[in-house]
Amino acid sequence: MISCAYVFAPPGVDLGKVEEKLKRQYGNHIDIQDIEEELKDRQETKDALRDVGAPYQSFRMYEVTWYLPRSKVRALWRQAASQCLGKLVRSSKTIRVLCGHLLYYCGQRSEFYSPVDFNLLISRSDLKPSHIVLLIDDVYDMYYRLTRKDELFDHAERIPVYLERLCYEQGINIEELSPEQLLSYCMGWELRTITHLLSWGHFETIFIENLSAQV
Numbered sequence: 001m002i003s004c005a006y007v008f009a010p011p012g013v014d015l016g017k018v019e020e021k022l023k024r025q026y027g028n029h030i031d032i033q034d035i036e037e038e039l040k041d042r043q044e045t046k047d048a049l050r051d052v053g054a055p056y057q058s059f060r061m062y063e064v065t066w067y068l069p070r071s072k073v074r075a076l077w078r079q080a081a082s083q084c085l086g087k088l089v090r091s092s093k094t095i096r097v098l099c100g101h102l103l104y105y106c107g108q109r110s111e112f113y114s115p116v117d118f119n120l121l122i123s124r125s126d127l128k129p130s131h132i133v134l135l136i137d138d139v140y141d142m143y144y145r146l147t148r149k150d151e152l153f154d155h156a157e158r159i160p161v162y163l164e165r166l167c168y169e170q171g172i173n174i175e176e177l178s179p180e181q182l183l184s185y186c187m188g189w190e191l192r193t194i195t196h197l198l199s200w201g202h203f204e205t206i207f208i209e210n211l212s213a214q215v
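Numbering (the UniProt record's numbering), first residue to last: 1 to 215.
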């Protein structure tokens, strides 16, 4: 009997580890397709990032959401999701899992948006999920993971940008701030980030409820 599941989570949840556990448990019986892994590895994505002058290290979702406009990300998401669904339809495995994120965050513009084409997920008659799963981690664990080096809210990279923008908006010189003021602004950034993560989980829950009702 073939079983299909959709597994989604906010980016603060490490889907890679979840996928590894599923593979260890089900071995050769499971086929897992990850939308974001497919998206960032596609040549179309790399070409789009090079076209806008994104610095190349190894392109991650961080660069995708930072440098590309929402319309482009949505188009790339649809291509990647279609490819993943096609692979699952053609798979010979009895357990087929589609993994991904329903909500993205652009650090450059400080905005949430969904790249998801829900019609694509619900319209396939040849691949109907029996389970739709949303993984939500503790907000402090998500915060710890996403504020590490090279992650979405990397302290060393994001706080200086936040302080510079804040001082510009308020018309003050950052060099004139006292240690107490700097600490206060940094704490404000920390609270703002935690609030973002709480909102993230809330929005994902709403999206998953709507998706479940339509499948």
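Ideal placement from N, C-alpha and C gives every residue a C-beta, glycine not left out.
Please list the terminal residues of the continuous beta strand (DSSP E) segment that includes residue i.
i: E36; result: Note, E36: premise wrong, no beta strand (DSSP E); alpha helix (DSSP H) at I35 to D41.
i: G100; result: I95 to G100
What's the C-alpha gap between residue i and residue j?
i: A54; j: N173; result: 30 Å
i: I208; j: K149; result: 30 Å
i: T45; j: R90; result: 24 Å
i: Y113; j: Y104; result: 5 Å
i: L211; j: H101; result: 13 Å
i: S178; j: S184; result: 10 Å
i: L134; j: V13; result: 10 Å
i: V64; j: L88; result: 25 Å
i: I35; j: L182; result: 40 Å
i: F8; j: A48; result: 25 Å
i: N119; j: D141; result: 32 Å
i: Q25; j: K93; result: 14 Å
i: Y6; j: E176; result: 52 Å
i: Y56; j: R50; result: 8 Å
i: I2; j: Y168; result: 57 Å
i: residue 221; j: D154; result: In this structure the chain extends from 1 to 215, so residue 221 is not present and cannot be described.
i: S199; j: G171; result: 30 Å
Considering Cα atoms alone, identify which of the options is closest to residue i.
i: S130; options: L39, E20, R42 and A213; result: A213
i: S125; options: L85, V64 and R145; result: L85
i: residue 238; options: Q43, D141, I194 and L68; result: This structure does not reach residue 238, given that the chain is present from 1 up to 215, and the question cannot be answered.
i: D137; options: K17, V97 and I35; result: K17
i: K128; options: S199, L98, L39 and E19; result: L98
i: A75; options: I2, Y62 and V116; result: V116
i: S123; options: I159, L183, T65 and S82; result: S82
i: E38; options: V139, M61 and H155; result: M61
i: R192; options: E169, Y56 and Y162; result: Y162
i: E190; options: L152, Y143 and C106; result: Y143
i: I159; options: M187, S71 and E169; result: M187
i: I132; options: H155, L197, T205 and H29; result: T205
Would you identify the three-state DSSP class for residue i, choosing helix, strand or coil?
i: S110; result: coil
i: I208; result: helix
i: S3; result: strand
i: D51; result: helix
i: Y105; result: strand
Hey, quick one: how far does the alpha helix (DSSP H) through residue i stretch, first residue to last?
i: S92; result: Where S92 is concerned, there is no enclosing alpha helix (DSSP H), given that its DSSP letter is neither H nor E.
i: V18; result: L15 to Y26
i: V64; result: M61 to Y67
Which ranges does the beta strand (DSSP E) cover as unbroken runs of at least 3 residues, wholly within the region 112–178, from first to last along the chain? Listed in chain order, the beta strand (DSSP E) runs fully inside the region 112–178 are 131–134, counting runs of at least 3 residues.
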